[in-house]
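Novice: Chains as they are written, first to last, in the numbering used here: chain A, 34 to 407; chain B, 34 to 407.
What follows is the structure, encoded as structure tokens:
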């Protein structure tokens with residue numbers, strides 16, 4: 034799908050990082066938390082997930098300043114076994130809560146081979162892939178997921194009540210010399226941000242992204258506003274949409290039912306009842322977002338070096354596939370992010386104008402200097 | 034998609050079970066293994082996964098009789114930590130190997146909260162969902178996956194070299210009074226069996242199942258034979274096909290790279306080289322199939338009763354979704370299997386004529402009496 038180039042502002046990665054740290058510091062986070070939260074955010078900007086980095090900084094700042102997210106949450110284990118835990122995020126910033134919880138999963142994996150942590154009372158945590166990647170330096174496979182409301186909710190197959198957020202799943206697997214293998218995607222056909230871009234530019238979207246209120250595929254973004262919905266991976270029933278609906282439900286189970294966090298179905302129920310019960314606020318808001326993290330030691334299965342060599346070899350063979358007309362190259366998962374990071378670290382991060390302007394507004398509001406343009 | 038009714042033979046579930054046990058006993062399995070392998074097979078027939086049960090009995094019998102699958106495999110742990118293991122299936126029947134390996138995962142979960150087992154040197158293990166379901170009676174979440182070659186291989190996004198089998202993933206989650214929540218699906222758009230049915234009946238298939246040799250969607254099954262391929266969940270790139278390609282790769286990593294079993298990419302490489310290396314036989318054959326099993330204790334996270342009630346409530350709300358025109362009912366995952374099992378246990382299992390005839394042929398070949406018609 035061809036997309037016209039938007040005007041972009043090129044900014045320096047290092048200075049952008051410092052700006053984000055300064056903002057979080059201003060909002061009351063201590064140095065370590067501010068830096069760690071920044072790393073999650075910037076990983077999105079620098080790897081090309083342009084919807085999940087500093088474009089959302091204003092949101093996070095607002096939550097901290099209004100107290101919707103706590104600057105000093107008491108992130109703690111509620112219940113645990115050797116390889117499992119439920120963690121309460123105490124309404125902290127999702128990035129702070131997420132990193133603590135993933136560290137707990139990794140610690141458990143160090144001791145037993147595998148660790149799994151379900152989290153409640155957290156908030157939007159940025160890109161799922163960041164936490165999965167945390168396992169890599171420990172020679173572990175990392176898993177990360179969250180329930181989110183962005184996108185307005187996808188109905189179950191055959192339905193037309195929004196029930197599920199874009200509920201991403203990420204898995205990161207270590208390699209030897211290859212870029213790490215990292216899969217990180219929404220369980221909807223596309224992330225909500227891509228629809229917003231199409232709407233802003235007045236473009237049609239590919240057939241298979243959304244359905245209208247009667248359940249027919251449509252290329253018109255406006256049909257979604259009129260009672261239609263973004264579809265799960267697989268689209269409608271006949272092309273396997275029930276599989277995406279299954280994955281969306283699975284994410285709600287692991288992040289919400291297992292931890293006691295809010296889930297999409299609760300929200301649908303509340304919205305139908307026109308009321309708000311305690312502990313079950315709308316998905317996508319700060320209240321009671323759930324996450325799920327996992328880590329498995331490679332050497333709990335096979336010698337690390339042997340495994341990594343086999344990963345490299347698998348990726349190499351996949352990339353050597355014969356190509357369809359119009360394809361210059363076959364990618365394995367994580368390669369594009371990897372190359373984008375190298376490029377943007379060296380040459381700067383392109384931000385769209387609304388994002389740059391939002392940073393200017395934050396700079397004025399917090400009186401934190403913004404000097405990031407290259 | 035409307036499908037004409039095929040002529041069916043109605044058979045009694047209990048007598049069919051005994052016939053399968055008798056066949057496996059004839060092939061040298063001891064009583065326990067014969068019964069356990071039968072249970073996996075019949076679970077497919079009785080829950081409506083008509084491609085994976087007794088229609089494949091002849092295959093299994095053949096493997097056992099030719100020695101391609103061992104009747105008395107030495108299924109053993111190669112390496113383990115408290116929560117992980119690699120198991121060698123010693124070229125046993127996949128159903129026998131799979132049950133042992135899942136029992137090991139469950140045992141580890143009992144002790145630490147979570148258990149994960151990757152398996153090599155196994156063979157086709159029937160439906161993935163059976164093993165995931167084994168966790169339910171232990172109040173655990175069960176996970177099961179296998180790499181398989183059925184379908185001829187799906188290429189990576191942008192490619193046209195078959196690299197991945199239909200690589201199913203299954204997850205089972207306990208509930209209180211609801212049918213258990215069970216997701217069990219191929220990571221291709223459809224299982225290969227559905228294309229075979231369409232080919233046999235001369236039907237077109239829905240747009241989104243297969244592409245032709247140029248990478249265009251097509252409704253003609255014949256285009257697949259002419260250099261086209263079955264697509265991963267999500268279809269082509271623009272509708273999220275790279276997500277399905279990611280899930281297919283993930284299955285190969287967990288079942289193959291982690292255990293040392295064969296994976297799709299190796300097969301593509303070998304087929305390109307026109308040779309067969311040791312320990313890396315074509316996917317779908319008896320040699321070196323890989324599986325992956327996981328179990329997590331619910332009470333490693335949250336009290337079992339609380340969790341199960343929340344599962345029931347979530348399923349109830351999902352099913353209460355407003356419906357699209359033409360939909361009588363919203364299903365949660367596992368409901369259809371559950372109701373089909375109750376119906377078929379009481380009223381018999383409908384087998385298509387070729388399947389019934391294959392059982393007659395086995396009966397004659399093994400001199401095991403077949404008396405299953407209702």
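We put the CB at the ideal spot given by N, CA and C, even for glycine.
Go ahead and pull the three-state DSSP assignment for residue 218 of chain B.
Specialist: Looking at residue 218 of chain B - three-state DSSP - the assignment turns out to be strand.
Novice: Who are the neighbours of residue 296 of chain B on chain A, taking C-beta pairs under 8 Å?
Specialist: Within chain A, the residues near residue 296 of chain B are 347.
Novice: Shortest alpha-carbon distance to residue 283 of chain B belongs to which of A:334, A:237, A:148, A:215?
Specialist: Here the closest residue by C-alpha is A:215.
Novice: Please list the partners that residue 237 of chain A has in chain B, where partner means a Cβ-to-Cβ separation under 8 Å.
Specialist: Within chain B, no residue comes near residue 237 of chain A; the closest Cβ sits about 12 Å away, beyond 8 Å.
Novice: So residue 61 of chain B and residue 104 of chain B are in contact, right, with Cβ under 8 Å, and what is the actual spacing, rounded?
Specialist: About 3 Å separates the two Cβ atoms, so the contact holds.
Novice: Unbroken beta strand (DSSP E) runs of length 3 or more, entirely within the stretch 317-354 of chain A: which are they?
Specialist: The qualifying runs are 322-330.
Novice: Would you mind reading off the limits of the alpha helix (DSSP H) that contains residue 177 of chain A?
Specialist: Run containing residue 177 of chain A: none in the alpha helix (DSSP H); it sits in the beta strand (DSSP E), 173-179.
Novice: Are there 16 or more other CB atoms within 10 angstroms of the CB of residue 257 of chain B, so buried, or fewer, so exposed?
Specialist: That one is buried.
Novice: Kindly indicate which residue of A:222, A:99, A:235 has the alpha-carbon position closest to the one of residue 244 of chain A.
Specialist: Among A:222, A:99, A:235, the Cα nearest to that of residue 244 of chain A belongs to A:222.
Novice: Threshold first: 3 residues or longer. Then list the beta strand (DSSP E) segments lying entirely within the stretch 84-143 of chain B, N to C.
Specialist: Entirely contained in the stretch 84-143 of chain B, the beta strand (DSSP E) runs reaching 3 residues are, in chain order, 109-114, 117-121.
Novice: Does the separation of the CB atoms of residue 131 of chain B and residue 328 of chain B fall below 7 Å?
Specialist: The answer is no: Cβ separation not under 7 Å.
Novice: Go through its chain and collect everything with a Cβ distance to residue 156 of chain B's Cβ below 6 Å, but skip five positions before and after it.
Specialist: Only 102, 127, 319, 322 meet the Cβ criterion.
Novice: Looking at the unbroken beta strand (DSSP E) that takes in residue 154 of chain B, where does it start and where does it end?
Specialist: Segment 147-155, the beta strand (DSSP E) holding residue 154 of chain B.
Novice: Could you please give the first and the last residue of the uninterrupted beta strand (DSSP E) stretch that includes residue 202 of chain A?
Specialist: 202-206 is the extent of the beta strand (DSSP E) around residue 202 of chain A.
Novice: What is the DSSP secondary structure of residue 163 of chain B, reduced to helix, strand or coil?
Specialist: In this structure, residue 163 of chain B counts as helix in the three-state DSSP scheme.
Novice: Using C-beta distances below 8 Å, list every residue in its chain close to residue 345 of chain B, excluding the 5 sequence neighbours before and after it, in chain order.
Specialist: Hits under 8 Å: 208, 209, 210, 211.
Novice: Taking the beta strand (DSSP E) that residue 387 of chain A belongs to, which residues open and close that run?
Specialist: Taken as a continuous stretch (DSSP letters only), residue 387 of chain A belongs to no beta strand (DSSP E), being part of the alpha helix (DSSP H) at 386-399.
Novice: For residue 405 of chain A, count neighbouring C-beta atoms within 10 Å of its own C-beta (all shown protein chains included) and say buried if the count is 16 or more, exposed if not.
Specialist: Buried, by the Cβ-count rule.
Novice: Please report the Cβ distance between residue 213 of chain A and residue 247 of chain B, rounded to the nearest whole angstrom; I am assuming they are in contact, meaning their Cβ atoms lie under 8 Å.
Specialist: Contact doesn't hold; Cβ gap of about 33 Å is too wide.
Novice: I'd like to know whether the C-beta atoms of residue 63 of chain A and residue 381 of chain A end up nearer to each other than 7 Å.
Specialist: No, Cβ-Cβ distance for residue 63 of chain A and residue 381 of chain A is not below 7 Å.
Novice: Using 7 Å as the limit for Cβ to Cβ distance, is residue 69 of chain A near chain B?
Specialist: False, the Cβ-Cβ gap to chain B never drops below 7 Å.
Novice: Under 8 Å, with one C-beta from each stretch per pair, do the stretch 286-301 of chain A and the stretch 158-173 of chain A reach the 3-pair mark?
Specialist: Cβ pair count under 8 Å is below three, so no.
Novice: Establish whether the CB of residue 371 of chain B and some CB of chain A are separated by less than 7 Å.
Specialist: No, residue 371 of chain B lies away from the interface with chain A (no Cβ there is under 7 Å from its Cβ).
Novice: What's the gap between the Cα of residue 133 of chain A and the Cα of residue 171 of chain A?
Specialist: Computed Cα separation, rounded: 15 Å.
Novice: Can you find a CB in chain A that lies within less than 7 Å of the CB of residue 260 of chain B?
Specialist: It does not; no Cβ of chain A falls within 7 Å.
Novice: Tell me, to the nearest whole angstrom, how far the beta carbon of residue 53 of chain A is from that of residue 41 of chain A; I am working on the premise that it is less than 8 Å.
Specialist: Between residue 41 of chain A and residue 53 of chain A the Cβ distance is about 19 Å, and since that is not below 8 Å, they are no contact.
Novice: Answer yes or no: does any C-beta atom of chain B fall closer than 7 Å to that of residue 193 of chain A?
Specialist: Yes, residue 193 of chain A lies at the interface with chain B (some Cβ there is under 7 Å from its Cβ).
Novice: Can you name the residues that DSSP bridges to residue 406 of chain A?
Specialist: Note: residue 406 of chain A sits in a beta bridge opposite A:44.
Novice: Is residue 149 of chain B close to chain A, meaning its C-beta is less than 7 Å from at least one C-beta of that chain?
Specialist: Output row for residue 149 of chain B: interface = yes.
Novice: Could you tell me which of B:193, B:135, B:272, B:152 sits nearest to residue 167 of chain B, measuring between CA atoms?
Specialist: When only C-alpha atoms are compared, the closest one is B:135.
Novice: Kindly identify the DSSP beta-bridge partner or partners of residue 250 of chain A.
Specialist: Partner(s): A:244.
Novice: Please tell me whether residue 154 of chain A and residue 124 of chain A are closer than 7 Å, where the distance is taken between their beta carbons.
Specialist: Closer than 7 Å, so yes.
Novice: With distances taken Cα to Cα, identify the nearest neighbour of residue 220 of chain B among B:254, B:278, B:188.
Specialist: The residue with the shortest Cα to Cα distance from residue 220 of chain B is B:278.
Novice: Check the C-beta distance from residue 335 of chain B over to residue 293 of chain A and give it rounded, since I have them as a contact under 8 Å.
Specialist: The Cβ separation is near 6 Å, so the contact holds.
Novice: Cα-Cα, which of B:57, B:78, B:67 is closest to residue 98 of chain B?
Specialist: Residue 98 of chain B has its Cα closest to that of B:57, out of B:57, B:78, B:67.
Novice: Looking at the unbroken alpha helix (DSSP H) that takes in residue 196 of chain B, where does it start and where does it end?
Specialist: It is not in any alpha helix (DSSP H) - residue 196 of chain B carries neither H nor E in the DSSP assignment.
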